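*Asks:* Sharing a structure with you now.
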């Protein structure tokens, strides 16, 4: 499937909500179903691609249900669409179902929590370029920080389905246990067996957890957890390995450095405040190197990304 | 409804199929929108700014949402005149809709150079002189707030523009917009477009820093619409009506009713900006909505509506 084919399929589509489940505290998983042209367009969604969703008309939760620290921002009206990537895409019998992992932390995502089965939302997509698949690799290492886990869950599924010869290992980090965007970490025994998270275990992908405060898993940054693990892999060949990462920019910068030091290919999924998502507003600029020169250019997160080769990005 | 209703307008020396444009900076160079709308259905198209040299633009964040609006501080990021001609003009020349190139620069010579180079291009109907960008250190808004400079830059570009239509885009960030409007018209502007964005700021109260890397940005969206409508009406009454100069009205339009308000206030045509980000096809819906309004009010010719404010 070429990039051109994706682009010609994108459009503005209505999707119907089929699920909106609170998985823990502020984290939710929204399911949207597309029919007709929307189903055809979104069936081709690659991990790392995203969509722009119009939440301006969605109602807020009752005031008493809104956390105190979000009361002020809940008051703000929503004008622009919001970009979301997917943690799963399933297409069958002419329908396409996509799932979005999200955190309710502002006026738009708070509104999102009130969507229920049968509601309709306007979605533009699929947009941007997803992760390049590890066709010539033996090992894929997935490193996420906070909400960055979403597209990496989708990627774990795609790699294990399309490239079963590639061994995939995932690392997920957050500030603390309650800020891990997963349904629930698996029990101690599973963790000791290397399967900390159900979301990855369902694709037989081993996973490790890190929290800044050590409330679960490795105590410290996920980047340190990953770096230590990498240091212990004596048999890993840099050429046959690729790192995929999504999370806060400081974390991506650290992952990019680790990849550079170890000479491992690395793809990072970036984030910027966007207005349009389709390459016209020029808001979501990412400073990039021009190969073979000292020159810098701005690329657009929405159109040229959100996934970039880590060597390209100027962090 | 009469689907073939004529809502065509005279726009300086052009006859346009309908009065709806997309605003500069919200629709790229047209090709970006191909998957979402048929640009040829518009009355007119205005490109993202073109400057002599390529411009990288400002650091990020470049946008932030506000109540019923947004701030942007893109900083005139564009590929520059030569790349525009090489990479964008071939596709633009295939469009049937009249295309205006938004021209920006740091000096009068910059503006003149772009206009002169493009004046012979058949694919271009005219220019929109951007003397109202609030997000650049040099040029931009500093030209548009001083009547003497408006006169100088307008007449210089008018000379360079040959037979192309010259539209001058005004900033609302002035004490009396009619003074600037008069200076532009007397120096040769064929059309006035108003308003550009309002200089504004959003502060992050945790860090006590402005949210935008540029510190300030231009406020657009529904929040500015009533002020824009007022300014269009003021300029129409005080400057353009007696001279027969058309106004392209813009500022927060997202529905056909919004567009009709601007036309009643005195705009001959309107441009859709921020709303394109939310609904890339909204200009086409607005064209249909204007037809419906005219049909419902038994308005035979949309010209009856222009400046019809009681």
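Protein chains in written order, with my numbering: chain A, 1 to 315; chain B, 1001 to 1310.
From the three backbone atoms N, C-alpha and C, an ideal C-beta is built for every residue, glycine too.
Values in this document were obtained by computation on a predicted structure and should not be read as measured data.
#1: With a threshold of 9 Å between beta-carbons, can residue 1107 of chain B be considered close to chain A, or not?
#2: Within 9 Å (strictly less), CB to CB, does residue 2 of chain A reach chain B?
#3: In three-state DSSP terms, what is residue 221 of chain A?
#4: Return the residue from the list A/203, A/297 and A/207 that minimises the CA-CA distance to residue 191 of chain A.
#5: Can you find a C-beta in chain A that's less than 9 Å from the C-beta of residue 1069 of chain B?
#6: Rounding to the nearest angstrom, what Cα-Cα distance links residue 267 of chain A and residue 1174 of chain B in this structure?
#7: Along the chain, where does the beta strand (DSSP E) that runs through residue 208 of chain A open and close?
#8: If you draw a straight line from the alpha carbon of residue 1311 of chain B to that of residue 1128 of chain B, how long is it in whole angstroms?
#9: Under a CB-based cut-off of 9 Å, is residue 1059 of chain B close to chain A?
#10: The alpha helix (DSSP H) spanning residue 1293 of chain B covers which residue range?
#11: Could you tell me which chain A residues have their CB closer than 8 Å to the CB of residue 1028 of chain B, listed as they occur along the chain?
#12: For residue 1036 of chain B, go through chain A and note every residue whose CB falls closer than 9 Å to its CB, in chain order.
#13: Could you check the C-alpha separation between residue 1035 of chain B and residue 1056 of chain B for me, to the nearest Å?
#14: Which residues in the same chain have their Cβ closer than 6 Å to the Cβ of residue 194 of chain A, if we skip the five residues on either side of it in sequence?
#15: Going along chain A in order, which residues have a C-beta closer than 9 Å to the C-beta of residue 1099 of chain B?
#16: Classify residue 1296 of chain B as buried or exposed, calling it buried when 16 or more other Cβ atoms lie within 10 Å of its own Cβ.
#17: Do residue 122 of chain A and residue 18 of chain A have their beta-carbon atoms positioned less than 9 Å apart in this structure?
#18: Here's the rule: buried if 16 or more other CB atoms are within 10 angstroms of the residue's CB, otherwise exposed. What is residue 157 of chain A?
#19: Are the C-beta of residue 7 of chain A and some C-beta of chain B separated by less than 9 Å?
#20: In chain B, which residues lie less than 8 Å from residue 304 of chain A when you measure between Cβ atoms?
#21: Can you tell me the Cα-Cα spacing of residue 1269 of chain B and residue 1221 of chain B, whole angstroms?
#22: CA-CA distance, residue 1151 of chain B and residue 153 of chain A?
#23: When you compare only the Cα positions, how much space is there between residue 142 of chain A and residue 237 of chain A?
#24: May I have the straight-line CA-CA distance separating residue 145 of chain A from residue 1014 of chain B, to the nearest angstrom?
#25: Considering only their Cβ atoms, is the gap separating residue 1154 of chain B from residue 987 of chain B smaller than 9 Å?
#26: Taking 7 Å as the limit between beta carbons, can you name the residues of its chain near residue 81 of chain A, skipping five residues before and five after?
#27: Could you have a look at residue 169 of chain A and say whether DSSP puts it in helix, strand or coil?
#28: By the criterion of Cβ-Cβ separation under 7 Å, what are the contact partners of residue 1065 of chain B in chain A?
#29: Skipping 5 residues on each side, what residues in its chain have a beta carbon closer than 8 Å to that of residue 1123 of chain B?
#30: Terminal residues of the continuous beta strand (DSSP E) containing residue 1154 of chain B?
#31: Touch check for the segment 1045-1065 of chain B and the segment 1198-1217 of chain B: three-plus C-beta pairs under 8 Å?
#32: Quick one: list the residues of chain B neighbouring residue 112 of chain A, beta-carbon separation under 9 Å, in chain order.
#33: Go through its chain and collect everything with a Cβ distance to residue 254 of chain A's Cβ below 7 Å, but skip five positions before and after it.
#34: Report yes if the C-beta distance between residue 948 of chain B and residue 1038 of chain B is below 9 Å; otherwise report no.
#35: Would you say residue 218 of chain A reaches chain B, if we count a Cβ-Cβ gap shorter than 9 Å as a contact?
#36: Identify every run of the alpha helix (DSSP H) within the segment 10-95 of chain A, keeping only runs that are complete inside it and at least 4 residues long; order them along the chain.
*Replies:* So, from the listed chains and residues:
#1: For residue 1107 of chain B, no CB of chain A lies under 9 Å from its own CB, so it is not counted at the interface with that chain.
#2: Unreliable placement is indicated for residue 2 of chain A, whose pLDDT of 39 sits below 50; no coordinate value is reported for it.
#3: Per DSSP, reduced to three states, the secondary structure at residue 221 of chain A is coil, with no helix or strand assignment.
#4: A/207
#5: yes
#6: So the alpha carbons of these two residues sit roughly 48 Å apart.
#7: 206-211
#8: The requested residue 1311 of chain B is not part of the displayed model; chain B covers only 1001 to 1310.
#9: Yes, its Cβ sits closer than 9 Å to a Cβ of chain A.
#10: Residue 1293 of chain B -> alpha helix (DSSP H) spans 1282-1296.
#11: 279 and 280
#12: 10, 11, 12, 124 and 278
#13: 26 Å
#14: 206
#15: In chain order: nothing, as chain A lies at least about 15 Å away.
#16: exposed
#17: Against a cut-off of 9 Å, the Cβ pair of residue 122 of chain A and residue 18 of chain A comes out as no contact.
#18: buried
#19: Any reading at residue 7 of chain A is ruled out, since the residue's pLDDT is 42, under 50, leaving its predicted position unreliable.
#20: Chain B residues near residue 304 of chain A: none, gap ~13 Å exceeds 8 Å.
#21: Using only the alpha carbons, I get a separation of about 18 Å.
#22: 60 Å
#23: 16 Å
#24: 56 Å
#25: Residue 987 of chain B cannot be examined here, being either before or after the span of chain B that is shown, 1001 to 1310.
#26: 52, 53, 54, 124 and 277
#27: strand
#28: Correct list: 79 and 80.
#29: The residues are 1089, 1092, 1093, 1095 and 1099.
#30: For residue 1154 of chain B, no beta strand (DSSP E) run applies; the uninterrupted alpha helix (DSSP H) run containing it begins and ends at 1147-1160, by DSSP.
#31: By the Cβ rule, the segment 1045-1065 of chain B counts as touching the segment 1198-1217 of chain B, because three or more pairs are nearer than 8 Å.
#32: Under the 9 Å cutoff, chain B gives no residues; its nearest Cβ is about 15 Å from residue 112 of chain A.
#33: 223
#34: Nothing in the structure corresponds to residue 948 of chain B, since chain B is present only between 1001 and 1310.
#35: no
#36: 36-43 and 71-74
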